[in-house]
Structures are given as structure tokens and as C-alpha cells.
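Working notes for the structure below.
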Amino acid sequence: MPVLRPFNEPNFTSFGEVVDFGLNYMHDQNVAHRDCAADNILMDGSNLYINGWHPMNPWQARDGGDLFLNHKRSEVEIKYYFIDFGLSTEFSEQRGLLVTGQLGQIDAPEQSSGLPYDPFKLDVYYLGHVYQTKIVDEFKGLEALGDLSRLMTKPDPKDRPSAREALMIWNSLRSLPSMPPRWTRLRTTQEEGSMERIMNNAMDVVGMVRGSLLSYATAT
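Be aware that the sequence shown starts at 1115, since it is given in my numbering, and climbs by one per residue.
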């Protein structure tokens, strides 16, 4: 097992980096996590930081010095991991299965009554909450992902998509002509200074050229 770090450290920088973190795959194995909050989603960032980082202080290099980013997420493969399976449940199949018991970090609407609930739809609620609080609220121009997160956090679990359906919706949204290219830089909700805006715009141009070259290379 590699040394892991929070999934959003460093944070996302381009539109195409937003993923489902593997929830659909986990559900395909008939496993419901039941506590897949942001703190329980980590990533293997070894491709981002070639020389690694301090295991206790992930914002520092191994020797305690400054940590330097070698690659962007969009340039390398990133693996995400769910951790803390203390509340998880494995089933032989997903249909008609309900659970009760200890609550996770977030109180979903269906857990307030104390009645049995669908743990797979609970996971969808949790991931929708992660999308909203850790990505949509942090960056501009992600209204489509915001719409998906609201769908995933519907009060009635029956109104929520499954993990597979949510992934299909997101992939469909990303392929729409009106959506920005995958390499488009995400802009934080905080205001940019003039110099920062100039630098970021220059990075946008570089990203667009790089993306066009990659598309051309793939097509040929």
C-alpha cells in the first residue's frame, strides 16, 4: 500500500480531473461503504510528487523542506482509495437490501428516523455531498456538477441515481458541446489578483495547446 494523502491536496486544477473516486466500482462488488465522506477518500499522489512527501506532514517534503509538485493530475494517472471500512457492509447482491446501525460523519435524511435504509443510496448521498462541498463550492463554472450533486443528495433515496447512473450522467454532461474542454483550468471562487489572472490565463493557453496536440496525436 502506498503512502496516501487527501484526495484534494493538491486541489483539482482542470475540468477533466473530476472523477467518481471509484464508488461505482465498489458498488459493483456489492460493498456499501456507509461513511464515504471527504475524510475517507485518499489518493496515491506518487505520480504528482516524484520524491514523495513527509508521512506525517503531507504538505512537506520527506526531509521537512518545501514540497514541490512535479506534475498536474491531468498529466499522470491518479488512483483513489476509500478508507475506514468500519461501517461498511458486503452483500451477495444489491437488490432490496436495507441496514440500520451506527451513523457515519454525515447525517443523511433517511437516517433521522432510525428505520432501515438503502446503504448504496446512502453512499451516493455522501459522494454528492463531497462533490458539493469540496469541488462545486470551491470552483467557478461547475454548475453541471452542482446539478448532479443536488440530484445525488435528494432527500428521498428513491429519487437519487445509483452510483452507476450518477457516473453515466456525469460522463454524458462532460461530453456536451457546451461544456468546457477537459484541460480547461478551474477557477477558484476566491478573487484573482491582476498578476495571478495574467499567469493563469497564460497557463490556460498552454493547456489548450497541449490538449489540442494530444487530441491530434490520438486521432492520427
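Ideal Cβ placement from N, Cα and C applies to all residues, glycine included.
- Secondary-structure assignment with DSSP links P1120 through a beta bridge to L1156.
- By the Cβ rule, the segment 1161–1169 does not count as touching the segment 1197–1214, because fewer than three pairs are nearer than 8 Å.
- Y1163: not part of any beta strand (DSSP E); DSSP gives it neither H nor E.
- For Y1240, the enclosing alpha helix (DSSP H) stretches over residues 1233–1244.
- According to DSSP, V1213 shares a beta bridge with Y1231.
- Per DSSP, the continuous beta strand (DSSP E) segment holding K1193 begins and ends at 1193–1196.
- Two segments are said to touch when three or more pairs of C-beta atoms, one from each, lie closer than 8 Å; by this definition the segment 1169–1184 does not touch the segment 1136–1153.
- Taking a cut-off of 8 Å on C-beta distances, the segment 1179–1189 does not touch the segment 1265–1274, as fewer than three cross pairs fall below it.
- DSSP places K1254 within a strand segment (E or B) once states are collapsed to three.
- Distance check between V1244 and each of V1133, F1205, D1158, P1294 places V1133 closest, using alpha-carbon atoms only.
- By alpha-carbon distance to N1122, the top candidate from Y1194, S1286, R1264 is Y1194.
- By the Cβ-count criterion, Q1216 is exposed, with fewer than 16 other Cβ atoms from all chains shown falling within 10 Å of its own Cβ.
- According to the DSSP assignment, A1277 belongs to the alpha helix (DSSP H) that extends over 1277–1288.
- Counting only residues of its own chain and dropping the five nearest sequence neighbours on each side, V1190 has a CB closer than 8 Å to the CB of N1161, L1162.
- Within the DSSP secondary-structure output, S1128 pairs in a beta bridge with R1299.
- Contact between the segment 1194–1204 and the segment 1145–1161 is established, with three or more Cβ pairs separated by less than 8 Å.
- When secondary structure is reduced to three states using DSSP, T1267 falls in the coil class, being assigned neither helix nor strand.
- Between K1254 and R1301, the CB-CB gap stays under 8 Å.
- Restricting attention to E1279, R1288, P1172, the CA atom closest to the CA of W1297 is found in R1288.
- Residue burial annotation: S1286 is exposed, with fewer than 16 other C-beta atoms found within 10 angstroms of its C-beta.
- Excluding its 5 nearest sequence neighbours in each direction, I1192 has C-beta neighbours in its own chain below 6 Å: M1157, listed in chain order.
- The C-alpha of E1279 lies about 28 Å from the C-alpha of P1124.
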